[in-house]
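Colleague:
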Amino acid sequence: MLSLLCPRCGGVMTRFPQCSCGSSVPCVGGVYQFTQKASAHLTGPGPHYLGYGSWGRASGIPAYYAACSAKLAQLVGREAWCVDVGTGYGQVPLQIAAAGGRTLAVDISPTVLKVLRQQSIEVGAAEQILCARMDAYHLALAPESVAVVLLNSIFPMLDTPELVLREAARVLRPDGYMVMYGQRTVEPWEPDLCERAEQELFAAFERCLARSGWGRVWFGETEETRTCAHFQTPMCVSAGPPVACTFRLGEKLRRLEENGFNRYQHIPQTVYRRAWREAWDWVREQYGPDCANLASCRLEEPVLYLYRKAEERL
Numbered sequence: 001m002l003s004l005l006c007p008r009c010g011g012v013m014t015r016f017p018q019c020s021c022g023s024s025v026p027c028v029g030g031v032y033q034f035t036q037k038a039s040a041h042l043t044g045p046g047p048h049y050l051g052y053g054s055w056g057r058a059s060g061i062p063a064y065y066a067a068c069s070a071k072l073a074q075l076v077g078r079e080a081w082c083v084d085v086g087t088g089y090g091q092v093p094l095q096i097a098a099a100g101g102r103t104l105a106v107d108i109s110p111t112v113l114k115v116l117r118q119q120s121i122e123v124g125a126a127e128q129i130l131c132a133r134m135d136a137y138h139l140a141l142a143p144e145s146v147a148v149v150l151l152n153s154i155f156p157m158l159d160t161p162e163l164v165l166r167e168a169a170r171v172l173r174p175d176g177y178m179v180m181y182g183q184r185t186v187e188p189w190e191p192d193l194c195e196r197a198e199q200e201l202f203a204a205f206e207r208c209l210a211r212s213g214w215g216r217v218w219f220g221e222t223e224e225t226r227t228c229a230h231f232q233t234p235m236c237v238s239a240g241p242p243v244a245c246t247f248r249l250g251e252k253l254r255r256l257e258e259n260g261f262n263r264y265q266h267i268p269q270t271v272y273r274r275a276w277r278e279a280w281d282w283v284r285e286q287y288g289p290d291c292a293n294l295a296s297c298r299l300e301e302p303v304l305y306l307y308r309k310a311e312e313r314l
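Residue numbers (the UniProt record's numbering): 1 to 314.
Here it is in structure tokens:
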């Protein structure tokens, strides 16, 4: 069972969605409302969410995610609940449900959760996916109550990722896992034309920023450094046979170009957009007008990275 906290009194709800304090968690369109925080929170006191920009339902997820979800459902069983923080449009919970597992799907955006709720009904997984509008910086879950916390592709949407890592460590049981999906290249891979074009585009982008007085901009520490502050070195578990993954230059860079994410959030939008336009113009001169269609394909083995809480937190 999930140990959900009442938004009003903060106590554990033994009869969710009702609480012993007399209040109940509002439910709008099948989505439980644990917070009223704005879904794109960019100004005022932090921590902030960076919003979804022009991300859409069709943006998709990597091909290896399906294998990872199936493996995770196999490992944790049908009774344990996974908590997917920053679930987005919910492809991961839907895949876990297809493999027989259950997920608390958490996101700050009511729009994406509404889509997920409808999809879960359409595929007959409504009982396996609980949609909750919840603040990732303050999860409405009791300490040490969760078997699995999933953190996939959420860090770029946050301006203070370490706070979410701290929350994940707080709600995990001592024997629980924080899980990230990943992949390993099956055979040694050498950079191809697509890879070179991508590297040169980023270099051109950084040069354009430097000319505008911003130079090289990075967001704090690396993701690995922040994660290791709260979790032990992960175990890497194979999730299935290799999957053919195709990467197109235009698709790969579109999300960064359109959203910016936390790495570039402090750069004025006019400077940011101009730098991207100049970088793309330069790459098109080098690789032709259709360079966005440059693609590379390689075999990737899907893997699960399983993190235990750091020793000092046990």
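Where a beta carbon is used, it is the ideal one built from N, C-alpha and C, also for glycine.
Provide the residue span of the beta strand (DSSP E) that contains residue 296, from first to last.
Modeller: Residue numbering aside, residue 296 sits at position 296 when the sequence shown is read from its first letter. Counting along the chain, the beta strand (DSSP E) containing residue 296 begins and ends at 295-307.
Colleague: To the nearest whole angstrom, what separates the beta carbons of residue 105 and residue 135, a pair I think is in contact under 8 Å?
Modeller: As a first step, residue 105 is located in the sequence shown; it is residue number 105 there, counting from the start. As a first step, residue 135 is located in the sequence shown; it is residue number 135 there, counting from the start. Residue 105 to residue 135, Cβ: 14 Å. No contact.
Colleague: Can you list, in chain order, the residues of its chain with a C-beta nearer than 6 Å to that of residue 313? Leave out the 5 residues immediately preceding and following it.
Modeller: Taking the first residue of the sequence shown as position 1, residue 313 is located at position 313. Because residue 313 carries a pLDDT of 48, less than 50, the predicted location of this residue cannot be relied on, and the following value inherits that uncertainty. Counting only Cβ-Cβ distances below 6 Å, and skipping sequence neighbours, we find 169.
Colleague: For residue 237, which of helix, strand or coil comes out of DSSP?
Modeller: Counting from one through the sequence shown, the residue named residue 237 turns up at place 237. Three-state DSSP puts residue 237 in a strand.
Colleague: So which of 164, 202, 183 has the shortest CA-CA distance to residue 230?
Modeller: Counting from one through the sequence shown, the residue named residue 230 turns up at place 230. Comparing Cα-Cα distances from residue 230 to each of 164, 202, 183, the minimum goes to 164.
Colleague: Using DSSP bridges, identify the partner residues of residue 92.
Modeller: Start at 1 with the first residue of the sequence shown, and residue 92 comes out as number 92. Answer by DSSP bridge pairing: none, since residue 92 is not bridged.
Colleague: Out of curiosity, what's the CA-to-CA distance linking residue 30 and residue 2?
Modeller: For the purposes of this step, residue 30 is taken as residue 30 along the sequence shown, with counting starting at 1. For the purposes of this step, residue 2 is taken as residue 2 along the sequence shown, with counting starting at 1. The straight-line gap from Cα to Cα measures roughly 17 Å.
Colleague: Quick check on DSSP: helix, strand or coil for residue 185?
Modeller: Within the sequence shown, the letter at position 185 stands for residue 185. The answer is strand: DSSP assigns residue 185 an E or B state.
Colleague: Measure the beta-carbon distance from residue 95 to residue 69 and round it to whole angstroms, keeping in mind my assumption that it falls under 8 Å.
Modeller: For this step, residue 95 is matched to residue 95 along the sequence shown. For this step, residue 69 is matched to residue 69 along the sequence shown. Going by Cβ atoms, the distance from residue 95 to residue 69 rounds to 3 Å, so yes, they are a contact pair.
Colleague: Put residue 102 into one of helix, strand or coil per three-state DSSP.
Modeller: By one-based count along the sequence shown, residue 102 stands at place 102. Correct three-state label for residue 102: strand.
Colleague: Tell me the DSSP bridge mates of residue 15?
Modeller: Position 15 of the sequence shown, counted from the first residue, corresponds to residue 15. Beta-bridge pairing links residue 15 to 18.
Colleague: Tell me whether residue 115 sits in a helix, a strand or coil according to DSSP, three-state version.
Modeller: The residue given as residue 115 occupies position 115 in the sequence shown. In this structure, residue 115 counts as helix in the three-state DSSP scheme.
Colleague: Rounded C-beta distance between residue 307 and residue 177? I'm assuming under 8 Å.
Modeller: Here residue 307 is taken as the residue at index 307 of the sequence shown, counted from 1. Here residue 177 is taken as the residue at index 177 of the sequence shown, counted from 1. With a Cβ gap of about 6 Å, residue 307 and residue 177 count as contacting.
Colleague: With a cut-off of 8 Å, do at least 3 Cβ pairs link the segment 237-251 to the segment 295-307?
Modeller: yes
Colleague: Drop a sphere of 10 angstroms on the beta-carbon of residue 26, count the other beta-carbons inside from all chains shown, and report buried for 16 or more, exposed for fewer.
Modeller: For this step, residue 26 is matched to residue 26 along the sequence shown. With fewer than 16 other Cβ atoms within 10 Å, it is exposed.
Colleague: Within its chain, find whatever has a CB closer than 6 Å to the CB of residue 139; leave out the 5 residues flanking it on each side and keep chain order.
Modeller: Indexing the sequence shown from 1 puts residue 139 at position 139. For residue 139, where only same-chain residues beyond five positions count, the Cβ hits under 6 Å are 167, 171.
Colleague: Grouping DSSP H, G and I as helix and E and B as strand, with all else coil, what is residue 143?
Modeller: Locating residue 143 in the sequence shown gives position 143, counting from the first residue. Of the three classes helix, strand and coil, the one that applies to residue 143 here is coil, per DSSP.
Colleague: Of all Cβ atoms in chain B, is any one closer than 7 Å to the Cβ of residue 197?
Modeller: This model lacks chain B altogether; it includes just one protein chain.
Colleague: What does the alpha-carbon distance come out to for the pair residue 205 and residue 157?
Modeller: For the purposes of this step, residue 205 is identified with residue 205 of the sequence shown, where counting begins at 1. For the purposes of this step, residue 157 is identified with residue 157 of the sequence shown, where counting begins at 1. Here the alpha carbon of residue 205 sits roughly 21 Å from the alpha carbon of residue 157.
Colleague: In the DSSP assignment, what are the bridge partners of residue 179?
Modeller: Numbered from its first residue, the sequence shown carries residue 179 at position 179. According to DSSP, residue 179 bridges with 150, 306.
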